[in-house]
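Trainee: Here's a structure for you.
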Amino acid sequence: MSLLTDTIARIGPLDDAAAAAAQARQDTLTKPQGALGRLETLSIQMAGITGQPRPRLTNPAVVVMAADHGVARRGVSAYPSEVTPQMVLNFLNGGAAINVLARHVGARVIVVDIGVAAHLPAHPELIDRKIGMGTADFSVEPAMSRVQAQQAVEIGIACANDAIDAGADLLATGDMGIGNTTASSAVVAAITGRPVAEVTGRGTGIDDAGLARKIAVIEQALALHRPDPRDGLDVLAKVGGFEIGGLAGVILGAAARRVPVVIDGFISGAAALIACTLAPSAQPYLIAAHRSVERGHDAVFAHLDLTPLVDLGMRLGEGTGAVLGMSLCQAACKILDEMATFGEAGVSGKVEN
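By my numbering, the letter at position 350 of the sequence shown is numbered 405, and the numbering carries on one by one without gaps.
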């Protein structure tokens, strides 16, 4: 049995008893029932995921997968591919937005080279799992082989397992890779069936001509390869990216270990589509952190029946929105665990007529 098959088999339903216990406690806390809105439902989801009626999430980690895309050579991004390795070094030096926000919420940043098209110098904080020097240009040939697609997902599973074995009890997904909104739009269009123009945005800030070119490239690739929307590995292999596969694996690995996973923006959303196509049972373990400016993000939410926690007009990636979402997950659990009940506080509860 492969790591992928074994992991999918271990993804079970949420713990209804723990969720019910969390709901019962929420109903007795010193506030009107439902007064804290999403924080209440989020805490109940965390209880169901972890199997703990009063979950405590104290060791968050964000997994940032980095890889390049052959399709970037088609002029679909405002930045050259050389930016990918430069930003990975920035992550490792602690100078990127994800580092700042991770420090803000107390999360560890795990940086994985799963397919950067450059030889990166050895670094104690860099996990080298490079499958290749970026994907192929999927406008003319499949992005990767099916074997590589499964390898990417299994690398993500292994990274999730390693993080959880090291103590992580809350995971988030992050990405880096010039050209990855093009691959993500292709994945989203393939799986949701939405028109390419409806799910393709400006990414790093391309102009109207660049956007038209990007849409045409994706349409060409989908017509050429005809990925099977019911087969996550087929979609990933034909029009995806190594980091998208890796993040799908992180999602599956977390779900199999009953660890909540906070997904970031559009690229993480494409990874979630791959993950849930492979294992629909992973969906209840997902927390959508934020709504990206990328126009295809809403198609992801609709297909996966997710509602993002916040909309801050963000479109950076890296896991920046996800780590902020982690903070809300922790806040929700602290409310459930630390807030007094009416009985504990000696406060009169709701009067029943």
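A virtual CB, placed ideally from N, CA and C, is assigned to each residue, including glycine.
1. Given this structure, state the Cα-to-Cα distance separating A354 from C331, to the nearest angstrom.
2. Does the distance from the CB of K98 to the CB of T228 come in under 7 Å?
3. According to DSSP, D168 sits in a beta bridge with which residue or residues?
4. For the region 315–373, list the beta strand (DSSP E) runs that are entirely contained and at least 3 residues long, ordered along the chain.
5. Relative to the C-alpha of E373, which candidate in R249, A73, L156 and F193 has its C-alpha closest?
6. Please report the distance separating the alpha-carbon of H159 from that of S382.
7. Using alpha carbons as the reference points, say which of N114, R93, G150 and V131 lies closest to T375.
8. How would you label R93, buried or exposed, when you count the other beta carbons within 10 angstroms and need 16 or more for buried?
9. Closer than 8 Å is the cut-off here; do at least three beta carbon pairs connect the region 284–297 with the region 190–209?
10. Could you give the first and the last residue of the continuous alpha helix (DSSP H) run that contains T96?
11. Flag this pair as touching only if the region 103–115 and the region 68–77 have three or more C-beta atom pairs under 8 Å; answer yes or no.
12. Go ahead and pull the three-state DSSP assignment for A244.
13. Hey, V316 and A310 are a contact pair by Cβ (cut 8 Å); roughly how many whole angstroms apart?
14. How many Å lie between T83 and C388 at the Cα?
15. Are there three or more Cβ pairs, one per stretch, closer than 8 Å when the region 346–365 is compared with the region 242–254?
16. Using alpha carbons as the reference points, say which of G304, E180 and R128 lies closest to I328.
17. Taking T139 and M231 to be in contact with their CB atoms under 8 Å, please state how far apart those CB atoms are, rounded to whole angstroms.
18. Give me the Cα-Cα distance between A223 and A245, rounded to the nearest whole angstrom.
19. Assuming A377 contacts P363 (C-beta within less than 8 Å), just tell me the rounded distance between them.
20. Rounding to the nearest angstrom, what Cα-Cα distance links A89 and V164 in this structure?
21. Looking only at its chain, what residues have a beta carbon closer than 8 Å to the beta carbon of M188, apart from the 5 residues adjacent to it on each side?
22. Round the Cβ separation of I212 and L307 to the nearest angstrom and send it over; I've been treating them as touching at under 8 Å.
23. Of all the CB atoms in chain D, is at least one closer than 7 Å to the CB of I99?
24. Considering D263, what are the terminal residues of the alpha helix (DSSP H) in which it resides?
25. Can you tell me whether D190 is buried or exposed, with buried defined as 16 or more other CB within 10 angstroms of its CB?
26. Which residues in the same chain have their Cβ closer than 7 Å to the Cβ of N408, if we skip the five residues on either side of it in sequence?
27. For R80, does the three-state DSSP call read helix, strand or coil?
28. Report the three-state DSSP secondary structure of R201 (helix, strand or coil).
29. Might you give, ordered along the chain, the residues of its own chain that have their beta carbon closer than 6 Å to the beta carbon of A133, omitting 5 neighbours on each side?
30. Express the C-alpha separation of A395 and S403 in angstroms, rounding to a whole number.
31. Do V348 and A290 come within 7 Å of each other at the CB atom, strictly closer than that value?
32. Is D230 helix, strand or coil when you go by DSSP?
33. May I have the straight-line CA-CA distance separating A221 from P115, to the nearest angstrom?
34. Does DSSP put N408 in a helix, in a strand, or in coil?
Mentor: Based on what the coordinates show:
1. 14 Å
2. According to the sequence provided, residue 98 is Ser. The question's Lys does not apply to it. Cβ atoms of S98 and T228: not closer than 7 Å.
3. A121 and D183
4. 316–318 and 341–343
5. L156
6. 9 Å
7. G150
8. The residue in question, R93, is exposed, as its Cβ has fewer than 16 Cβ neighbours within 10 Å.
9. yes
10. For T96, the enclosing alpha helix (DSSP H) begins and ends at R93 to T105.
11. yes
12. helix
13. Your pair V316 and A310 checks out as a contact, with CB atoms roughly 7 Å apart and the cut at 8 Å.
14. Approximately 15 Å between the Cα atoms of the pair.
15. yes
16. The question names Ile, but residue 328 in the sequence shown is Leu. For L328, the nearest C-alpha among the options comes from G304.
17. 6 Å
18. A straight-line Cα-Cα distance of about 33 Å links A223 and A245.
19. So it is not a contact: roughly 11 Å between Cβ atoms.
20. Going by the sequence as given, residue 89 is Gly instead of Ala. About 34 Å.
21. The answer, listed in chain order, is D123, G170, V171, A172 and A173.
22. The C-beta separation of I212 from L307 comes to about 6 Å, placing the pair in contact by the 8 Å criterion.
23. In the structure shown, chain D does not exist; there is a single protein chain.
24. D263 to H280
25. It should be pointed out that residue 190 corresponds to Thr in this sequence rather than to Asp. Its Cβ being crowded by 16 or more others within 10 Å, T190 is buried.
26. Residue placement at N408 is poorly supported in this model, since its pLDDT is 46, which falls under 50; the coordinates still yield a value, given next. Closer than 7 Å at Cβ, skipping near neighbours: no residue.
27. helix
28. helix
29. T259, G260 and I261
30. Near 12 Å, if we compare the C-alpha coordinates of A395 and S403.
31. Inspection of the sequence shows that residue 290 is occupied by Val rather than by Ala. For V290 and V348, no; Cβs fall outside 7 Å.
32. strand
33. So the alpha carbons of these two residues sit roughly 11 Å apart.
34. Reliability fails at N408, whose pLDDT of 46 lies under 50, so the model's placement of it is uncertain and the value that follows must be treated cautiously. Residue state, collapsed to three classes: coil.
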